[in-house]
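First comes the structure, then the notes that go with it.
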Amino acid sequence: MTLALTLDAEKHSALDSALQPFYVKQDDGNYRLDADIPDSSGLKAKADELLGETKRERELRKAAEDRANALEAAQKEAANESARARGDVESLEKSYLEQIQKLNEDSTGKVSTLQKQIYDLTVGQAANNLANELSIKGSAIALLPHIQNRLSLEQAEDGQQKIRVLDMNGNKTGMTLDDLKQEFRSNEAFKPLIAANGASGSGANGANGGAGKITKATDMSEAERIELAKTNPELFKQLFT
2 MTLALTLDAE KHSALDSALQ PFYVKQDDGN YRLDADIPDS SGLKAKADEL LGETKREREL
62 RKAAEDRANA LEAAQKEAAN ESARARGDVE SLEKSYLEQI QKLNEDSTGK VSTLQKQIYD
122 LTVGQAANNL ANELSIKGSA IALLPHIQNR LSLEQAEDGQ QKIRVLDMNG NKTGMTLDDL
182 KQEFRSNEAF KPLIAANGAS GSGANGANGG AGKITKATDM SEAERIELAK TNPELFKQLF
242 T
């Protein structure tokens, strides 16, 4: 094995731990092969020796684990055979039930993890997008749980996962995400959190500089006035001075 004279941080990190001490970190963050190691002419031989030792250790450890697993399986099988010979149905049933339970737990854990990942990538993402689109700057986190409670994930007849909009009681509806968006906009309870039409929840200006289609001061809520003052001070002055 030939050792490089210099390595960047990523390559040094990927280097076998037995060889990392042979490199000295430089001011620029890279690593240089330490040329002051005694008997540098034997460096390659020493490196090969260390690599051989670590490889041998891994092989021995894996062999030991395999033997332990095989021994455990043999002990269980021996116990089952003994129970069969004694006609001990209760012990056999207990052993099989334990094995089945373990398999079920492993399978359930994997399924739950996958389901959560799918939920986060579909319902979670849709709720986040809608909250950011609807809310005034800094209010998305307050609006998010209310939107999440109105969304669920279901499997369609073709096997595809589909986002379903629910009503206030958690029942399925035929509403779309756009319908839900309009419902939140018209709900008086959420008015303090909702941005003016055309305004972005991130604080960016809408088509009319953050005021949306509102052109009269009397049409705006207190939250909309605050948002307008932040996003379009000029229009705010025109409407309120």
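Quick note on numbering: the sequence shown equals residues 2 to 242 in the numbering used here.
Every residue gets a Cβ at the ideal spot worked out from N, C-alpha and C, and that includes glycine.
The structure presented is a predicted model; accordingly, all values stated were derived computationally and were not measured.
{"Item": "Euclidean distance between Cα positions of K95 and D121", "Value": "39 Å"}
{"Item": "Buried or exposed (CB count within 10 angstroms, at least 16 for buried), I137", "Value": "buried"}
{"Item": "Burial state of S187 (16 or more Cβ within 10 Å)", "Value": "exposed"}
{"Item": "L135 vs L144 beta-carbon contact at 9 Å", "Value": "yes"}
{"Item": "Cβ contact check for the region 177-197 and the region 221-228: 3 or more pairs under 8 Å", "Value": "yes"}
{"Item": "Host alpha helix (DSSP H) of Q21 (start-end)", "Value": "Taken as a continuous stretch (DSSP letters only), Q21 belongs to no alpha helix (DSSP H), as it is neither H nor E."}
{"Item": "Unbroken beta strand (DSSP E) run spanning K163, endpoints", "Value": "162-166"}
{"Item": "Residues bridged to R33 (per DSSP)", "Value": "T7, V25"}
{"Item": "Exposed unless 16 or more other CB atoms sit within 10 angstroms - verdict on L8", "Value": "buried"}
{"Item": "Residue range of the alpha helix (DSSP H) that includes E184", "Value": "178-187"}
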